[in-house]
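Trainee: First the structure, which I've put down as structure tokens, then a few questions once you've had a look.
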Amino acid sequence: MVVAVAVIVAVLLGSQPDPVATPATPTAAPAEHSERPAAPVSASEPEPSGPLAESRPASLEIPSIGVRTGEVIDLGLEPDGALEVPTDAATAGWYVESPTPGEVGPSIIAGHVDYANVPGVFYRLHELQPGEQLTVHREDGTSVVYTVDRVERYAKAEFPTEEVYGNTDGPELRLITCGGAFDDSTGHYLDNVIAYATMAGVK
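The following block contains the structure:
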């Protein structure tokens, strides 16, 4: 079931309205690999942990790119099968058919790169570096720390469905937004930027 839903969602992410409205101030297209040194590891190390029980995400922190969200909303599918998107620039959303953060499998969180000329919650997602850490706070009071493995940019027609939504051996995270060039004729970005991360522990 997960794979079937994943295929539907991935295709729609590549062809339906993006997590973006109109572009904010022009930005350089995010590079697939950046050479900025990884941020130092926080003095507060996460405790090693196995997979966690189900608990939906409450908020998200990514210190290296200045992200600290309020409530993470639920995202489902539109009647036409398209993935819902957050309703404003600052809000991130969790795809409810994906595992909750800390469970085995890829938890999916999406957000705008910009919205109505306002930089979005994932405006700087392309700047994330391997080795940097981010934290998802869960409704049960636990906080899951992830280590970034890589950040990639893909043309929407080449969205990597299996890499993003396919089963994994342990708890992982995918952060998804738009990027690349902006097509004024359609009002959409041409690419997706995706950060891949693996659970490092809990706090």
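Residue numbers for the sequence shown follow the numbering used here, so the first one is 358 and each next one is one higher. Where is the CB? At the ideal position from N, CA and C, for every residue including glycine. Values in this document were obtained by computation on a predicted structure and should not be read as measured data.
(1) For residue 440, tell me which candidate among 448, 486 and 453 has the shortest Cα-Cα distance.
(2) Rounded to the nearest angstrom, how far is the Cβ of residue 518 from that of residue 482, given a contact under 8 Å?
(3) From residue 547 to residue 536, what distance separates their C-alpha atoms?
(4) Measuring CB to CB, does residue 553 end up less than 8 Å from residue 531?
(5) Quick check on residue 549: buried or exposed, where buried means 16 or more other Cβ atoms within 10 Å of its Cβ?
(6) Report the rounded CA-to-CA distance for residue 522 versus residue 463, giving the unit in angstroms.
(7) Leaving aside the five residues before and after residue 406 along the sequence, list all residues of the same chain whose C-beta is less than 6 Å from its C-beta, in chain order.
(8) Can you tell which of 538, 539 and 526 has the C-alpha that lies nearest to the C-alpha of residue 460?
(9) Taking the alpha carbon of residue 312 as the reference point, which residue from 477, 402 and 465 has its own alpha carbon closest?
(10) If contact is defined by three or more beta carbon pairs under 8 Å, each pair taking one atom from either stretch, is the segment 440-451 in contact with the segment 483-491?
(11) Does the distance from the C-beta atom of residue 421 to that of residue 489 stay below 8 Å?
(12) Expressed to the nearest angstrom, what Euclidean distance is found between the alpha-carbon atoms of residue 451 and residue 501?
(13) Under three-state DSSP, which class holds residue 485?
(14) Residue 415: which of 408, 424 and 428 sits nearest, CA to CA?
(15) From 491, 538, 496 and 520, pick the residue whose C-alpha is nearest to that of residue 512; which is it?
(16) Tell me residue 553's beta-bridge partners as DSSP assigns them.
(17) If you drop the 5 nearest sequence neighbours on each side, which residues of the same chain put their C-beta closer than 6 Å to that of residue 529?
(18) When burial is assigned at 16 or more other CB atoms within 10 Å of the CB, is residue 423 buried or exposed?
(19) How far does the beta strand (DSSP E) with residue 452 in it reach, from first residue to last?
(20) May I have the straight-line CA-CA distance separating residue 468 from residue 477, to the nearest angstrom?
Mentor: Let's see:
(1) Comparing Cα-Cα distances from residue 440 to each of 448, 486 and 453, the minimum goes to 453.
(2) A Cβ-Cβ distance of about 19 Å is found for the pair residue 518 and residue 482, leaving them out of contact under the 8 Å criterion.
(3) Here the alpha carbon of residue 547 sits roughly 7 Å from the alpha carbon of residue 536.
(4) Cβ distance < 8 Å, so residue 553 and residue 531 count as in contact.
(5) Here residue 549 is buried: its Cβ has 16 or more other Cβ atoms, across all protein chains shown, within 10 Å.
(6) Straight-line Cα distance between these residues: approximately 6 Å.
(7) So the list reads 558 and 559, once near-sequence residues are dropped.
(8) Nearest to residue 460 by C-alpha distance, out of 538, 539 and 526, is 526.
(9) The first residue shown for the chain is 358 and the last is 560, placing residue 312 beyond what the model contains.
(10) Because the criterion of three Cβ pairs below 8 Å is not met, the segment 483-491 and the segment 440-451 do not touch.
(11) Residue 421 is a Cβ neighbour of residue 489, given a cutoff of 8 Å.
(12) Cα to Cα, residue 451 sits roughly 15 Å from residue 501.
(13) In the three-state reduction of the DSSP assignment, residue 485 falls in the coil class.
(14) Comparing Cα positions, the closest option is 428.
(15) Considering only alpha carbons, the answer is 538.
(16) The bridge partners DSSP lists for residue 553 are 507 and 531.
(17) Result list for residue 529: 463 and 555, in chain order.
(18) Residue 423 comes out exposed.
(19) Looking at the DSSP string, the run of the beta strand (DSSP E) that includes residue 452 is 449-452.
(20) Looking at the backbone, the Cα of residue 468 and that of residue 477 are separated by about 7 Å.
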